[in-house]
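Take a look at the structure set out below.
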Amino acid sequence: MSSVDATRTPFDPAVLFKALFLALVAVFVLVPLLATLLGGFKSLGELRVNPFGLPQHWEWQNYADILFSVRYWQLLRNSLIISSLAVALTLIVASMAAFTFAHIKFYGSSMLLSYLTLGLLFPAATAVLPLFIKVRDLGLLDTYFGVALPQVAFSLAMSVLLLRRFFKDIPYELLEAALVDGCSYIKFFRYVTLPLSRPILATVGTITFVNSWNAYLLPLVMLNTDALYPWPLGIMVYQGEYSSEWHLILAFITLTILPTILLFLLAQKHIVAGLTAGAVKG
Amino acid sequence: MEAGQLTVARRIASSPVIGVAETSFSPIAVRGPSWDGRFTVLILFLPPALMLFTLFVVLPVGEAAWYSAFNWNGFGRPTNWVGFDNYRFVLETRAFWLALRNNGLIIAVSLAIQLPLALTLALMLAERFRGAVALRMLFFMPYILAEIATGLIFSFVYDGDYGLVASIWRSFGAEPPHLLASTDTSMLAVLIVVVWKYFGFHMMLFIAALQGLDKTLIEAARIDGATRSQTLRHVVIPLLYPTIRLSIFFAIVGSLQLFDLVMPLTRGGPADSSNTMVSFLYNNGISRMRVGYGSAIGVILFVICVTFAFTYKRWFMRDE
């Protein structure tokens, strides 16, 4: 054996250690996820004796029942509506504010910007009770907007900061030239700034979408009707109903996180850039 | 206003933004849109953001301070003024101190286990080799999964009858434990999930920082005869200090708002043993509509967060 090794690259224990370590962490991450996916294909009895391995009998019925249920699609639809509202409103409101902060100098501009960035300092949970009363008094309790509007408000600080930084990098000569040609600020915003800012808009949109899609506390407090529940609430209700029928719950979990994983695989670049760079530079 | 004043106002207003020679934009001052164009933008573009933010973020915080002085169930108007009693009740609750301790534990584990793990992985995966990018993505994946889904997945992993842990125990012939149902182990179980879910985020922070490092400094160290580990200890890690401080900041802020993950796992139980500050707030304030009491918890949490953020920024992140 040793002679074979000698003809190859010299054996380095550090490389072996590194490979082992990475494999160990990969197993730590993957096993719970794979067990969840596979668990959905098992019967409850099999799950008890064989939670790790491949199913002996693939029970497609678990997944099929959920995929053909109204409930699953209703949860995804509600989540999609709330997240889309949050993304659309955040992009519109934040980009308008960021444009003003980036291109228009006025008295109190930096003060107002610091005011907005106060939102970075504390989590929504600190004021969730008064927020509930506010939303109730506005008549928005148990509506999509009652969830989406506070989400937008809490995502504004970060979004405005990210967008403003990008808008400021757009060459001033461009604005100058446009203004000379009689273009208004608003037209410049609509036809130059926004089209040029697609990457950052995508990043901000992705952050807002992921946060809203995964949110639990705000919908939990603001919504009372099952028919309006987004999926994190719905899956908790489902788990309550099927408390120890883990094969069904696992199938349900798999199907509800599937959209997130697909989105992640499709838009990895934006998501990683958004969630890390956004956090760093915010 | 007269035209002359307008031009002057415009120049004063715009010159600091541009920073180019005065002459180069004098034509705009005459022919371009007047200050009115900017004014329109100002009154159209800024208010939506400011109103939303004030209405849903700033006012509720102020109102929390106000409501916290009442004993109120949220219906009608708050009338039963109790002064600082709610704060006293919170501070006298054992569960509050348990929750605070648990938040401390989460921070400790983040610093002692998660951060070194993330840094080690980042140093390994910042190099280019086959599979490095795939591993990065794999390790980052838990971070984008919803905390609710993560919590549910792990409540299966920990389940004493069907779970993975139980199965491992049984293969050794031991009686499987119910980790989430015991006051001794519930918090430990939550801590493991916290590491599982968040180490990838910190790893990505470090990878981003490593890729932005000035390579010449490392090369210079190697040319001067420093070994790999010396370069690492005396060049790379010091260069990463800003990122390490940032990572610690996120770990602490994240701990202070941890809630979604705890709910599917333990709901803060058993016997409040795994509550975080926010789940304590939820269980004692929100779910029972004790607005005054819950607001007092919220205000305490707010003060902790803001004090921490300012102190940390002042002490550790002065240059950033």
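Chains as they are written, first to last, in this note's numbering: chain S, 1 to 282; chain Z, 1 to 320.
Virtual Cβ for every residue (Gly too), placed ideally from N, Cα, C.
Per-residue burial, residue i [other beta carbons within 10 Å of its own, 16 or more giving buried]
| i | result |
| --- | --- |
| Ser-110(Z) | buried |
| Gly-139(S) | exposed |
| Val-193(Z) | buried |
| His-234(Z) | exposed |
| Phe-166(S) | buried |
| Asn-73(Z) | exposed |
| Trp-73(S) | exposed |
| Arg-136(Z) | buried |
| Arg-170(Z) | exposed |
| Gly-285(Z) | buried |
| Thr-197(Z) | Looking at the sequence provided, one finds Lys at residue 197(Z) rather than Thr. Buried, because 16 or more other Cβ atoms sit within 10 Å of the Cβ of Lys-197(Z). |
| Asp-12(S) | exposed |
| Thr-206(S) | buried |
| Leu-44(Z) | exposed |
| Arg-290(Z) | buried |
| Ile-148(Z) | buried |
| Ile-235(S) | buried |
Residue i CB to nearest heavy atom of the ligand SAM below 8 Å
| i | result |
| --- | --- |
| Val-235(Z) | In the structure shown, the ligand SAM is absent, as is every other ligand, since no ligand is present at all. |
Whole-angstrom distance between residue j and residue i, CA atom to CA atom
| i | j | result |
| --- | --- | --- |
| Leu-37(S) | Thr-254(S) | 6 Å |
| Ala-40(S) | Leu-164(Z) | First, the amino acid is wrong: residue 40(S) is Gly here, not Ala. Near 14 Å, if we compare the C-alpha coordinates of Leu-164(Z) and Gly-40(S). |
| Arg-71(S) | Leu-123(Z) | 45 Å |
| Trp-164(S) | Ala-157(S) | Reading off the sequence, residue 164(S) comes out as Arg, not Trp. Going by the C-alpha atoms only, they are around 11 Å apart. |
| Thr-243(Z) | Phe-206(Z) | 7 Å |
| Ile-107(Z) | Leu-76(S) | 34 Å |
| Leu-100(Z) | Val-152(S) | 29 Å |
| Tyr-67(Z) | Arg-228(Z) | 59 Å |
| Tyr-87(Z) | Val-61(Z) | 16 Å |
| Leu-228(S) | Asp-142(S) | 8 Å |
| Leu-145(Z) | Phe-21(S) | 24 Å |
| Trp-58(S) | Asp-65(S) | 14 Å |
| Ala-316(Z) | His-103(S) | Position check: residue 316(Z) holds Phe in this sequence, whereas Ala was assumed. When rounded, the distance between both Cα atoms is 32 Å. |
| Phe-75(Z) | Ser-79(S) | 30 Å |
| Val-322(Z) | Tyr-241(Z) | Since the first residue shown for chain Z is 1 and the last is 320, residue 322(Z) is missing from the structure and cannot be characterised. |
| Tyr-191(S) | Val-135(S) | 35 Å |
| Ala-112(Z) | Ile-186(S) | 51 Å |
| Phe-310(Z) | Gly-119(S) | 13 Å |
| Lys-18(S) | Arg-130(Z) | 14 Å |
| Phe-201(Z) | Phe-264(S) | 14 Å |
| Met-216(S) | Asp-260(Z) | A quick correction: the sequence has Tyr, not Met, at residue 216(S). Whole-angstrom Cα-Cα distance: 6 Å. |
| Leu-46(Z) | Gly-37(Z) | 14 Å |
| Leu-55(Z) | Leu-218(S) | 16 Å |
| Asn-62(S) | Ser-255(Z) | 36 Å |
| Phe-188(S) | Leu-246(Z) | 36 Å |
| Phe-84(Z) | Phe-308(Z) | 23 Å |
| Ala-251(Z) | Phe-70(Z) | 34 Å |
| Leu-258(S) | Ala-26(S) | 20 Å |
| Cys-305(Z) | Pro-130(S) | 18 Å |
| Gln-211(Z) | Asn-214(S) | 30 Å |
| Thr-225(S) | Asp-137(S) | 18 Å |
| Ser-295(Z) | Ala-64(Z) | 5 Å |
| Val-303(Z) | Gly-268(Z) | 22 Å |
| Ala-49(Z) | Thr-40(Z) | 16 Å |
| Ser-167(Z) | Ile-170(S) | 58 Å |
Close-in-space but distant-in-sequence residues of the same chain around residue i (CB under 7 Å, 5 per side omitted)
| i | result |
| --- | --- |
| Pro-51(S) | Ala-35, Gly-39 |
| Pro-55(S) | Leu-38, Phe-41, Lys-42, Glu-46 |
| Met-187(Z) | Asn-102, Leu-105, Ser-273, Ser-274 |
| Leu-220(S) | Leu-233 |
Beta-carbon contacts of residue i that lie in its chain and below 6 Å, excluding the five residues immediately before and after
| i | result |
| --- | --- |
| Leu-213(Z) | Leu-239 |
| Leu-258(Z) | Thr-276 |
| Gln-114(Z) | Val-195, Phe-199 |
| Ala-86(S) | Ala-148, Gln-151, Val-152, Thr-208, Ser-212 |
| Ala-98(S) | Val-160, Leu-163, Arg-164, Phe-167 |
Chain-order list of residues whose beta-carbon lies under 8 Å from that of residue i (same chain, five-residue window excluded)
| i | result |
| --- | --- |
| Trp-292(S) | The displayed coordinates of chain S run from 1 to 282. Any statement about residue 292(S) would go beyond what the structure contains. |
| Thr-185(Z) | Pro-177, Leu-179 |
| Glu-175(Z) | Trp-169 |
- Task: Specify whether the stretch 169-181 of chain S and the stretch 213-230 of chain Z touch according to this definition: at least 3 beta carbon pairs, one from each stretch, less than 8 Å apart.
- Result: no
- Message: If the cut-off is 9 Å on Cβ atoms, which residues from the stretch 212-240 of chain S count as contacting chain Z, listed in chain order?
- Response: Trp-213, Asn-214, Ala-215, Tyr-216, Leu-217, Leu-220, Val-221, Trp-231, Pro-232, Leu-233, Ile-235, Met-236, Gln-239
- Query: Going along the stretch 165-197 of chain S in order, which residues come within less than 7 Å of chain Z, judged by CB to CB distance?
  - Reply: Tyr-172, Glu-176, Leu-179, Val-180, Ser-184, Tyr-185, Ile-186
- Query: Would you call the stretch 260-274 of chain S and the stretch 150-165 of chain Z in contact, with 3 or more CB pairs under 8 Å?
  - Reply: no
- Message: Check whether the stretch 121-130 of chain S and the stretch 299-309 of chain Z are in contact - that is, three or more C-beta pairs closer than 8 Å.
- Response: yes
- Going along the chain, which residues of the stretch 135-147 of chain Z sit with their C-beta nearer than 9 Å to a C-beta in chain S? Leu-135, Arg-136, Met-137, Leu-138, Phe-139, Phe-140, Met-141, Pro-142, Tyr-143, Ile-144, Leu-145, Ala-146, Glu-147
- Task: Mind checking the stretch 27-38 of chain S against chain Z and listing, in chain order, the residues whose C-beta falls within less than 8 Å of any C-beta there?
- Result: Phe-28, Val-29, Leu-30, Val-31, Pro-32, Leu-33, Ala-35, Thr-36
- Contact list for the stretch 37-48 of chain Z against chain S, Cβ threshold 8 Å: Gly-37, Arg-38, Thr-40, Val-41, Leu-42, Leu-44, Phe-45, Leu-46, Pro-48
- Against chain S: residues of the stretch 60-77 of chain Z by CB proximity under 7 Å: Pro-60, Val-61, Glu-63, Ala-64, Tyr-67, Gly-74
- Between the stretch 173-187 of chain Z and chain S, which residues of the former have CB atoms less than 7 Å from a CB of the latter, in chain order? none
- Task: May I ask you to list, following chain order, the residues of the stretch 64-88 of chain S that have a beta carbon less than 9 Å from some beta carbon of chain Z?
- Result: none
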